[in-house]
Amino acid sequence: MWRIAKPELRPATLDFTSSEQGWRDVTQLFADKVLLINAVELVEWEEDECQFLVCEQCGFTHCKRGDWVRVRRSDSLVVILPSFGHVSPELEEDRAEYQPPKYLTDRGIPYFDRATYESLTSQHSSFPPFEQIPKLNAREAEFLSTWNAGAAPQGL
């Protein structure tokens with residue numbers, strides 16, 4: 075697992091002029107020089123699974139493939155899991171559409187301790203409060219355990 079100890083929020087401007095939306099000021103989340111979220115304001119936090127790196131030409135989810143995650147909490151952690159709810163071994167197209175961000179396979183499952191995550195919520199109102207993040211269920215915990223054992227589950 076990859077502990078996010080010093081997350082950094084940075085202002086950025088995305089160019090949506092190709093989709094006739096103009097320029098959009100956003101906030102990006104970095105950790106250890108890695109871009110985790112390219113537009114915090116555009117993440118669909120209320121959804122069970124969300125795209126952390128949205129299309130930088132329009133800002134819409136599902137415009138580009140990949141970079142989907144599932145955000146969960148335990149008693150004291152916020153964990154960023156791959157989006158595995160839509161992944162099915164028999165649907166190659168879904169595997170490509172919902173693949174996790176590259177940093178997840180390169181560095182491991184990112185997680186925040188509660189205090190670190192709550193510091194983000196105090197800095198930016200787009201982050202949902204800790205208590206509103208869905209709890210990690212047994213299936214997800216088993217998935218996390220398998221991933222941490224060094225073998226990413228089939229299809230990811």
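Residue numbers (this note's numbering): 75 to 230. Glycine is no exception: its CB is placed at the ideal position from the N, C-alpha and C atoms.
Shown here, Trp76 sits in a strand according to DSSP, grouped into three states. By the beta-carbon neighbour count (other beta carbons within 10 angstroms, threshold 16), Trp119 is exposed. Every alpha helix (DSSP H) of 4 residues or more that sits fully in the segment 156-213 is shown, in chain order, as 166-171, 176-181, 188-197. Fewer than three beta-carbon pairs drawn from the segment 131-143 and the segment 213-222 are found closer than 8 Å, and the two stretches are therefore not classed as touching. Here Leu116 has Val128, Gly133 as same chain residues with Cβ atoms under 6 Å from its own Cβ, once five neighbours each way along the sequence are excluded.
Under the DSSP assignment, Leu127 falls outside any beta strand (DSSP E); it carries neither an H nor an E label. Note on geometry: alpha-carbon atoms of Leu151 and Leu109 lie some 20 Å from one another.
When C-beta atoms of the segment 133-147 are compared with those of the segment 199-210, three or more pairs fall below 8 Å, so the two segments count as touching. In terms of CA proximity to Arg213, Pro156 leads the group Trp97, Gln95, Pro156. By the neighbour-count definition (other C-beta atoms within 10 Å, threshold 16), Cys124 is a buried residue.
If you look at Val100, you'll find it in the beta strand (DSSP E) that goes 97-105. Pro175 is a Cβ neighbour of Phe126, given a cutoff of 9 Å.
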